[in-house]
Amino acid sequence: MKRLLALLATGASTVGLTVLAGPPAQAATGCAAEYTITNQWEGGFQAGVKITNLGDPVSGWTLGFTLPDAGQKVVQGWNATWSQSGSRVTAGGADWNRTLSTGASTDLGFVGSFTGSNPAPTSFTFNGVTCTGSVTDPPTDPPATGTPTAVNGQLHVCGVHLCNQYDRPVQLRGMSTHGIQWFGPCYNDASLDALAQDWKSDLLRVAMYVQEDGYETDPAGFTARVNSLVDMAEARGMYAVIDFHTLTPGDPNYNLDRAKTFFSSVAARNAHKKNVIYEIANEPNGVSWAAVKSYAEQVIPVIRAADPDAVVIVGTRGWSSLGVSDGSNESEVVNNPVNATNIMYAFHFYAASHKDAYRAAVSRAAAQLPLFVSEFGTVSATGGGAVDRASSVAWLDLLDRLKIGYANWTYSDADEGSAAFRPGTCGGTDYSSSGVLTESGALLKSRISTADDFPTS
Ligand code: IDC
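Numbered by numbering that gives the first Met the number 0, the letters in the sequence shown go through residues 0 to 456 in order.
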């Protein structure tokens with residue numbers, strides 16, 4: 000039964016505002032909010048808000064949202080202490096619902112008035128954190144039998160390998176998006192159907208740049224976009240690598256606070272899924288291994304607090320070259336590994352630029368470190384130029400032999416040699432015919448679409 004809690008005057012009143020403590024430091028946060036206009040009449044309406052705590056348990060909460068039209072006012076609310084200041088509305092948890100365990104929901108509502116239009120708020124905060132979760136979609140149906148996630152389930156690191164639910168090594172082969180701030184139209188139902196069904200890809204890496212018009216310009220929007228791509232991969236039985244695509248500046252510590260905020264949110268929201276791998280820093284560069292390790296040891300606990308069992312990929316020095324591009328090598332990691340379990344180290348290469356010396360480093364390192372090639376190109380390190388077929392094939396053969404998973408840069412129609420699709424492809428609906436593929440795309444599709452041999456016992 001709903002209980003009438005507070006009466007609220009219209010205007011800029013702040014009657015009844017309860018200030019509540021936020022979550023303890025380091026607590027994982029995350030939330031979903033559903034707003035429904037349940038009734039509307041001339042000048043008035045009734046709305047319900049269902050909030051779900053997707054983070055750590057809380058013993059107090061404040062919901063915040065903005066009513067988009069200046070004429071919208073909360074008149075009277077229930078199941079929370081409601082207040083309004085300008086267009087900003089705040090609802091504080093009541094005695095009986097201020098404690099919410101992980102996954103718990105509560106329903107509140109109010110009667111409002113309006114003068115012009117009555118649009119729904121578009122964004123909600125829960126203890127100051129923007130709600131990006133959704134509790135209604137994706138469908139919770141298990142992925143179709145035989146898909147990579149259905150066969151392998153929750154992954155974990157075993158020795159130097161990535162292992163599946165049968166504790167047996169697996170190699171995941173797939174594609175990386177281009178920067179989702181630029182190539183968003185390339186990631187839709189049709190293109191991801193093609194990736195899962197025609198390419199038989201095991202994974203989609205979601206490259207969320209932090210700078211270059213990326214995450215830092217719209218944290219809530221990019222977080223939501225990443226979550227939606229995780230769902231789209233999950234629905235098709237593919238793993239999703241959430242790539243915090245730091246590149247310039249090269250010191251990941253520049254983005255430490257952003258990383259903590261982002262990963263606490265996506266890890267809480269996706270904790271119950273089995274298809275998520277977290278990649279915490281794309282390509283550290285111009286920075287020491289000690290600085291990268293320090294960053295990793297601060298970000299990994301934030302992920303673990305929310306999603307204890309997911310695999311985390313740590314970028315390495317020299318654009319994730321295990322230090323080789325900075326004149327070092329894998330020994331700096333072997334001798335001073337990140338203090339965490341269930342992690343892998345990133346190795347990236349561009350086949351036309353990085354050849355025998357880099358292959359030798361990977362061959363040596365693979366005996367001592369869990370490696371994941373979370374990004375590589377068939378072309379030069381600029382992302383452009385011609386496909387180096389011989390070097391690309393040598394690399395892919397090596398990765399197959401060592402059972403090292405990979406994601407190719409890029410599943411996009413960027414006008415550069417590394418893109419899998421010809422320019423303009425993403426403006427259409429055909430992602431399947433051979434005519435839309437570039438030379439790089441054709442090579443990768445032929446490699447990735449061969450049958451997987453995932454052990455099942
Ligand atoms: C490149 C893109 C290019 C973009 C550039 C700037 O291909 O279109 O203009 O980034 O950000 C990496 C990086 C990856 C680069 C890629 C190719 O992780 O972001 O993408 N590359 O230069 N490391 C080595 C190469």
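Each residue gets a CB set at the ideal place from its N, CA and C atoms; glycine is no exception.
Counted within 10 angstroms of its Cβ, other Cβ atoms place residue i as buried (16 or more) or exposed
i	result
residue 147	buried
residue 132	buried
residue 136	Because residue 136 carries a pLDDT of 42, less than 50, the predicted location of this residue cannot be relied on, and no value is offered for it.
residue 241	buried
residue 376	buried
residue 50	buried
residue 180	buried
residue 331	buried
residue 300	exposed
residue 307	exposed
residue 105	buried
residue 447	buried
residue 165	exposed
residue 385	exposed
residue 453	buried
residue 224	buried
residue 365	buried
residue 204	buried
Best match in the options for proximity to residue i [C-alpha to C-alpha]
i	options	result
residue 443	424, 417 and 425	417
residue 456	43, 88 and 169	169
residue 97	331, 227 and 125	125
residue 127	26, 273 and 280	26
residue 352	383, 365 and 369	383
residue 325	356, 340 and 297	356
residue 280	209, 363, 428 and 424	209
residue 363	378, 380 and 401	401
residue 160	431, 404, 318 and 32	404
residue 236	177, 110, 391 and 191	191
residue 458	366, 272 and 305	This structure cannot speak to residue 458, because the chain is shown only from 0 to 456.
residue 283	275, 322, 257 and 196	322
residue 112	62, 90, 36 and 63	36
residue 47	110, 334, 231 and 206	110
residue 194	206, 182, 175 and 251	175
residue 172	380, 31 and 374	374
residue 187	441, 425, 303 and 302	425
residue 294	62, 315 and 275	315
residue 350	233, 95, 217 and 407	407
Residues bridged to residue i [DSSP beta-bridge criterion]
i	result
residue 238	202
residue 304	Answer by DSSP bridge pairing: none, since residue 304 is not bridged.
residue 292	DSSP output for residue 292 lists no bridge partner at all.
residue 167	Residue 167 pairs with nothing; no bridge assigned.
residue 44	39 and 111
residue 438	BP columns for residue 438 are empty, so no partner.
residue 478	With the chain running from 0 to 456 in the structure shown, residue 478 is simply not present.
residue 349	376
residue 106	49
residue 244	208
residue 420	436
residue 276	240
residue 370	344
Spell out a yes or no on whether the segment 79-90 and the segment 144-164 are touching, meaning 3 or more CB-CB pairs, one atom from each, closer than 8 Å.
-> A contact between stretches requires three or more CB pairs, one per stretch, nearer than 8 Å, and the segment 79-90 fails this requirement with the segment 144-164.
Count the CB pairs spanning the segment 193-203 and the segment 254-273 that are closer than 8 Å, and state whether there are at least three.
-> No, the segment 193-203 does not touch the segment 254-273.
Specify whether the segment 153-164 and the segment 94-107 touch according to this definition: at least 3 beta carbon pairs, one from each stretch, less than 8 Å apart.
-> No: the two stretches stay apart, fewer than three of their Cβ pairs being nearer than 8 Å.
Do the segment 115-123 and the segment 65-73 make contact, defined as three or more Cβ pairs closer than 8 Å?
-> With the cut-off at 8 Å, the segment 115-123 and the segment 65-73 touch.
Is the segment 210-226 in contact with the segment 416-434, if contact means three or more CB pairs nearer than 8 Å?
-> The segment 210-226 is not in contact with the segment 416-434.
Does the segment 392-400 come within contact of the segment 430-439, defined as at least 3 CB pairs closer than 8 Å?
-> No contact exists between the segment 392-400 and the segment 430-439.
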